[in-house]
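Counting along the sequence shown from 1, when you hit position 94 you're at 97 in my numbering, and nothing is skipped either side. Ideal Cβ placement from N, Cα and C applies to all residues, glycine included.
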Amino acid sequence: MTEATEYQLRRQTEAAKTLVVSLADHDDAELIADAIEGETGLLEAIEAALSEMDECDVLSEGLKAKIETFTARKRSVDERKKRVKALIEQAMLTTEQTSLRLPSATLTIRKNAPGLVIKDESQIPSKFFIEQERPAPKLDKAALAEALKADEKIPGVTLDNGSVSLSVRSK
């Protein structure tokens with residue numbers, strides 16, 4: 004609500020309140036309503052406030068649409084960045100470069116540790132589950148990974164070969 008509309012509505016409300024107090028000895032609601040309408044600009048101030056509320060609804064819907072547009076644009080830009088990074092990573096792997104120092108950044112290919120591949124959780128021994136009250140026991144992935152790295156054979160789970168990732172440090 005603009006300050007002018009807000010001020011006008013407050014001013015007219017006070018005038019109407021004074022009028023209602025002066026008509027306190029009358030129990031006629033219609034008389035009071037007619038007096039408020041005839042002696043104050045309260046109804047016009049309320050109409051202006053209602054118009055402003057409508058304008059707020061329009062602005063809100065417009066802003067909502069803009070937010071959706073910007074959210075979609077951000078998602079698109081983030082995906083493009085991931086694709087570009089993957090292309091750089093692929094180029095470095097193809098040319099067997101593990102590190103590049105450029106004026107704008109230092110690029111490094113890092114090997115990630117092998118990760119868990121859960122094939123069938125029902126085959127994993129119960130010693131690799133953490134008891135919880137709700138909803139069900141939780142798989143202890145850290146204990147599983149540690150046991151597999153120690154060459155323990157565990158049914159239903161293996162380690163992958165690990166992966167690589169590109170690290171970009173801007174200067």
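Counting only the Cα atoms, G118 lies some 26 Å from R83. Contact between Q126 and P158 holds: their C-beta atoms lie close to 4 Å from each other, under 8 Å. Straight-line spacing of the CA atoms in T16 and D60 works out to 24 Å. Judged by their CB atoms, V160 and R113 are not nearer to each other than the 9 Å cut-off.
If you draw a straight line from the Cα of R76 to the Cα of E58, it is about 27 Å long.
Considering only R137, A153 and I133, the residue with the shortest C-alpha distance to K144 is I133. With fewer than 16 other beta carbons inside 10 angstroms of its own, L90 counts as exposed.
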